[in-house]
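Participant: Sending over a structure as structure tokens; questions will come in a sec.
2 protein chains.
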Amino acid sequence: MPERKPRKDAVRNRTAVLAAADALFARCESPEDVTMADVAAAAGVGKGTLFRAFGDRTGLIRALYEARLEPIMDAVEAGPPPLGPATPPLQRVPALLDALLCFKLDNRPLALALEGTAGGSPYQAGHYERWHGLLRGVLERIPEPADGDFTAHALLAAVRADLVEHLAGREGVPRERMRARLADFTARVLGSPATD
Amino acid sequence: MPERKPRKDAVRNRTAVLAAADALFARCESPEDVTMADVAAAAGVGKGTLFRAFGDRTGLIRALYEARLEPIMDAVEAGPPPLGPATPPLQRVPALLDALLCFKLDNRPLALALEGTAGGSPYQAGHYERWHGLLRGVLERIPEPADGDFTAHALLAAVRADLVEHLAGREGVPRERMRARLADFTARVLGSPATD
DNA sequence: GCACGATACGGACCCGGGGTCCGCATTGCA
DNA sequence: TGCAATGCGGACCCCGGGTCCGTATCGTGC
Numbered sequence: 001m002p003e004r005k006p007r008k009d010a011v012r013n014r015t016a017v018l019a020a021a022d023a024l025f026a027r028c029e030s031p032e033d034v035t036m037a038d039v040a041a042a043a044g045v046g047k048g049t050l051f052r053a054f055g056d057r058t059g060l061i062r063a064l065y066e067a068r069l070e071p072i073m074d075a076v077e078a079g080p081p082p083l084g085p086a087t088p089p090l091q092r093v094p095a096l097l098d099a100l101l102c103f104k105l106d107n108r109p110l111a112l113a114l115e116g117t118a119g120g121s122p123y124q125a126g127h128y129e130r131w132h133g134l135l136r137g138v139l140e141r142i143p144e145p146a147d148g149d150f151t152a153h154a155l156l157a158a159v160r161a162d163l164v165e166h167l168a169g170r171e172g173v174p175r176e177r178m179r180a181r182l183a184d185f186t187a188r189v190l191g192s193p194a195t196d
Numbered sequence: 001m002p003e004r005k006p007r008k009d010a011v012r013n014r015t016a017v018l019a020a021a022d023a024l025f026a027r028c029e030s031p032e033d034v035t036m037a038d039v040a041a042a043a044g045v046g047k048g049t050l051f052r053a054f055g056d057r058t059g060l061i062r063a064l065y066e067a068r069l070e071p072i073m074d075a076v077e078a079g080p081p082p083l084g085p086a087t088p089p090l091q092r093v094p095a096l097l098d099a100l101l102c103f104k105l106d107n108r109p110l111a112l113a114l115e116g117t118a119g120g121s122p123y124q125a126g127h128y129e130r131w132h133g134l135l136r137g138v139l140e141r142i143p144e145p146a147d148g149d150f151t152a153h154a155l156l157a158a159v160r161a162d163l164v165e166h167l168a169g170r171e172g173v174p175r176e177r178m179r180a181r182l183a184d185f186t187a188r189v190l191g192s193p194a195t196d
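See below:
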């Protein structure tokens with residue numbers, strides 16, 4: 001498996017496509033009105049190129065998403081508190097959720113596209129597995145919630161892209177308010193009385 | 001607006017389509033491999049008829065969903081405790097969520113279809129508004145959760161069709177266990193220590 | 001610098017599914 | 001029984017994801 005190095009034009013095209021797609025998704029109302037042909041055209045590339053580079057639509061979106069998410073994942077896996085692994089669980093859980101929420105607020109169309117495209121649900125998206133595993137692990141280091149597995153699922157559900165979109169986009173809930181609400185909710189789930 | 005009564009064959013066809021679609025959705029792996037043409041064929045009807053009766057795919061699914069949901073809605077709006085309006089909020093919230101969970105467990109493909117089809121998210125589905133308004137109203141009658149609006153969203157997110165599908169279908173979590181987990185989670189959100 | 005195999009390009013093409021249209025059949029009222 | 005009005009059906013259109021292959025580009029050995 002010699003992992004032969006790709007041709008120069010191939011990588012150039014790849015990055016061009018990534019950039020074009022990023023721009024298109026950022027400027028769109030709904031992710032499904034960014035078509036593959038659009039992306040190809042915007043990148044000055046043929047559809048074939050696009051599909052060869054990313055396999056299919058999901059692959060493209062995943063690549064974009066991963067690129068954007070990378071810094072956060074780094075911070076989570078090896079960064080300083082409150083995201084990094086050295087953080088005590090009771091602070092880390094809300095920090096993780098807040099980071100996820102902010103990420104989705106900052107990348108609404110992309111997150112929406114990923115969660116809406118990957119086979120109809122985000123639960124086979126790979127990312128989800130990682131986040132869920134992570135959260136679950138942290139939750140299990142505190143005694144309170146009996147079942148870390150389900151709790152992790154339920155907490156992650158509270159920051160799903162379309163809910164975020166609904167609140168932030170449709171209803172115009174301001175960012176800080178959403179963060180506060182989520183923090184509140186998380187605190188309540190963790191058992192510590194927050195506001196009262 | 002005289003509300004002219006429909007012809008007899010029209011209503012016959014409508015019910016035939018409903019029945020056929022119901023059967024098809026019940027017997028399918030994923031809702032997107034039930035095609036409109038399939039439904040029409042199974043009902044012994046032309047596509048035109050189908051679209052005339054229901055407008056579009058979403059309309060069909062909504063009609064099916066509503067039919068299935070009706071008994072529960074009745075029980076919620078005018079039934080006895082623990083679902084009916086006479087129930088004290090602290091018991092009614094978990095009862096509502098449990099009912100919703102059970103409903104989605106019993107109608108997995110349908111729920112999946114509805115939440116996955118309606119414009120890419122369930123949040124403009126109409127049903128959602130109702131459930132959310134209801135839950136929010138009940139939540140606001142208890143002092144604990146500061147923001148009933150967000151709390152309602154977050155709790156409803158925990159019983160989303162694709163999460164239910166993921167857990168019950170993919171991971172084979174048994175029904176009673178899911179109900180218990182959800183009850184636990186709900187209790188924790190409501191501030192009352194449940195298991196410990 | 002050249003020639004030639006390997007690699008990538010691109011856009012015409014295919015396919016499948018949602019949705020439409022209109023000539024024809026059924027209905028139901030006088 | 002006759003005649004609108006209403007509904008039927010399936011051929012048809014559109015559009016988007018995905019494929020294919022003749023052609024252009026790359027890059028390596030000489």
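Protein chains in written order, with full-length UniProt numbering: chain W, 1 to 196; chain P, 1 to 196. Heads up, the beta-carbon is just placed ideally off N, CA and C, and yes, glycines get one too. For clarity, every value in this text was computed on a predicted model and none was experimentally measured.
Return yes when the Cβ of A152(P) is within less than 7 Å of the Cβ of R136(P), no when it is not.
Facilitator: Numbered from its first residue, the second sequence carries residue 136(P) at position 136. Numbered from its first residue, the second sequence carries residue 152(P) at position 152. Against a cut-off of 7 Å, the Cβ pair of A152(P) and R136(P) comes out as a contact.
Participant: Return the residue from the list L139(W), G44(W), P145(W) and P6(W) that minimises the CA-CA distance to residue 203(W).
Facilitator: In this structure chain W extends from 1 to 196, so residue 203(W) is not present and cannot be described.
Participant: Is it the case that the Cβ atoms of F51(W) and R181(P) are separated by a distance below 7 Å?
Facilitator: Within the first sequence, the letter at position 51 stands for residue 51(W). Within the second sequence, the letter at position 181 stands for residue 181(P). A distance of 7 Å or more separates the beta carbons of F51(W) and R181(P).
Participant: Please list, in chain order, the chain P residues whose beta carbon lies closer than 7 Å to that of P145(W).
Facilitator: Locating residue 145(W) in the first sequence gives position 145, counting from the first residue. By Cβ distance, chain P contributes R188.
Participant: Given L114(W), which residues of its chain have a CB within under 6 Å of its CB, disregarding the five upstream and five downstream residues?
Facilitator: Counting from 1 along the first sequence, the entry for residue 114(W) is found at position 114. I61 and Y65, listed in sequence order.
Participant: Would you please verify whether the beta carbon of F185(P) is less than 7 Å from any beta carbon of chain W?
Facilitator: Here residue 185(P) refers to the residue found at position 185 of the second sequence. Interface residue, yes.
Participant: Hey, is Y65(W)'s beta-carbon within less than 7 Å of any beta-carbon in chain P?
Facilitator: In the first sequence, residue 65(W) corresponds to position 65, counting from 1. With 7 Å as the cut-off, Y65(W) does not count as an interface residue toward chain P.
Participant: Give the range of the alpha helix (DSSP H) segment to which L50(W) is assigned.
Facilitator: Here residue 50(W) refers to the residue found at position 50 when the first sequence is read from its first residue. K47 to F54 is the span of the alpha helix (DSSP H), which, as asked, contains L50(W).
Participant: So which residues on chain W does R160(P) lean against when the C-beta distance must stay under 8 Å?
Facilitator: Reading the second sequence from its first residue, position 160 is the one you call residue 160(P). The contacting residues are A157 and R160.
Participant: If you drop the 5 nearest sequence neighbours on each side, which residues of the same chain put their C-beta closer than 7 Å to that of R92(P)?
Facilitator: Residue mapping note: residue 92(P) aligns to position 92 of the second sequence, counting from 1. Hits under 7 Å: P82 and V138.
Participant: Would you say F103(W) lies against chain P (beta-carbon separation less than 7 Å)?
Facilitator: Reading the first sequence from its first residue, position 103 is the one you call residue 103(W). Answer no: the Cβ-Cβ gap between F103(W) and chain P never drops below 7 Å.
Participant: I think D98(W) touches A183(W), with their Cβ atoms under 8 Å apart; what is that distance to the nearest whole Å?
Facilitator: As a working mapping, residue 98(W) is identified with position 98 in the first sequence. As a working mapping, residue 183(W) is identified with position 183 in the first sequence. Correct: roughly 7 Å between the Cβ atoms.
Participant: Within 10 angstroms of its Cβ, does R188(W) collect 16 or more other Cβ (buried), or is it exposed?
Facilitator: Taking the first residue of the first sequence as position 1, residue 188(W) is located at position 188. It counts as buried.
Participant: Exposed or buried, what is T35(P) when buried is set at 16 or more other beta-carbons lying within 10 Å of its beta-carbon?
Facilitator: Along the second sequence, read from residue 1 onward, the residue named residue 35(P) stands at position 35. Of the residues assessed, T35(P) falls on the exposed side of the cut-off, its CB having fewer than 16 other CB atoms within 10 angstroms.
Participant: Which two residues bound the contiguous alpha helix (DSSP H) that contains P71(W)?
Facilitator: Working through the first sequence from its first residue, we reach residue 71(W) at position 71. Its alpha helix (DSSP H) spans residues R57 to A78.
Participant: Among the residues of its own chain, which have a CB less than 6 Å from the CB of H166(P), if the five just before and after it don't count?
Facilitator: Along the second sequence, read from residue 1 onward, the residue named residue 166(P) stands at position 166. If we look at H166(P) and ignore the five residues flanking it on each side, it has no Cβ neighbours.
Participant: What is the DSSP secondary structure of R177(P), reduced to helix, strand or coil?
Facilitator: Walking along the second sequence from the start, residue 177(P) turns up at place 177. Residue state, collapsed to three classes: helix.
Participant: Under the three-state reduction of DSSP, which class applies to N107(P): helix, strand or coil?
Facilitator: The residue you call residue 107(P) lines up with position 107 of the second sequence. Coil at N107(P), not helix or strand.
Participant: From what residue to what residue does the alpha helix (DSSP H) around K8(W) run?
Facilitator: By one-based count along the first sequence, residue 8(W) stands at place 8. From DSSP, the alpha helix (DSSP H) with K8(W) extends over K8 to A26.
Participant: Please state if the CB of T49(P) and the CB of N13(P) are separated by a distance shorter than 7 Å.
Facilitator: Numbered from 1 along the second sequence, position 13 holds the residue referred to as residue 13(P). Numbered from 1 along the second sequence, position 49 holds the residue referred to as residue 49(P). Closer than 7 Å, so yes.
Participant: Which two residues bound the contiguous alpha helix (DSSP H) that contains T151(W)?
Facilitator: As a first step, residue 151(W) is located in the first sequence; it is residue number 151 there, counting from the start. Element bounds for T151(W): G148 to A157.
Participant: What does R181(P) touch in chain W if you count any residue whose Cβ is under 7 Å from its own?
Facilitator: Counted from its first residue, the second sequence places residue 181(P) at position 181. Ordered by position in chain W, the residues that pass the 7 Å Cβ test against R181(P) are D147 and F150.
Participant: In the DSSP assignment, the alpha helix (DSSP H) including L139(W) goes from what residue to what residue?
Facilitator: Within the first sequence, numbered from 1, the residue matching residue 139(W) stands at position 139. Its alpha helix (DSSP H) spans residues H127 to L139.
Participant: Measuring straight from C-alpha to C-alpha, what distance separates A78(P) and T87(P)?
Facilitator: Here residue 78(P) refers to the residue found at position 78 when the second sequence is read from its first residue. Here residue 87(P) refers to the residue found at position 87 when the second sequence is read from its first residue. About 11 Å.
Participant: Apply the 10 Å Cβ neighbour rule to D74(W) and answer buried if 16 or more other Cβ atoms are within range, or exposed otherwise.
Facilitator: Counting from 1 along the first sequence, the entry for residue 74(W) is found at position 74. Looking at its Cβ environment, which holds fewer than 16 other Cβ atoms inside 10 Å, D74(W) is exposed.
Participant: In chain P, which residues lie less than 7 Å from A154(W) when you measure between Cβ atoms?
Facilitator: Residue mapping note: residue 154(W) aligns to position 154 of the first sequence, counting from 1. Within chain P, the residues A158 and F185 have their CB atoms less than 7 Å from the CB of A154(W), given in chain order.
Participant: CB residue 211(W) to CB L112(W), shorter than 7 Å?
Facilitator: Residue 211(W) lies beyond the range of chain W shown here (1 to 196); nothing can be said about it.
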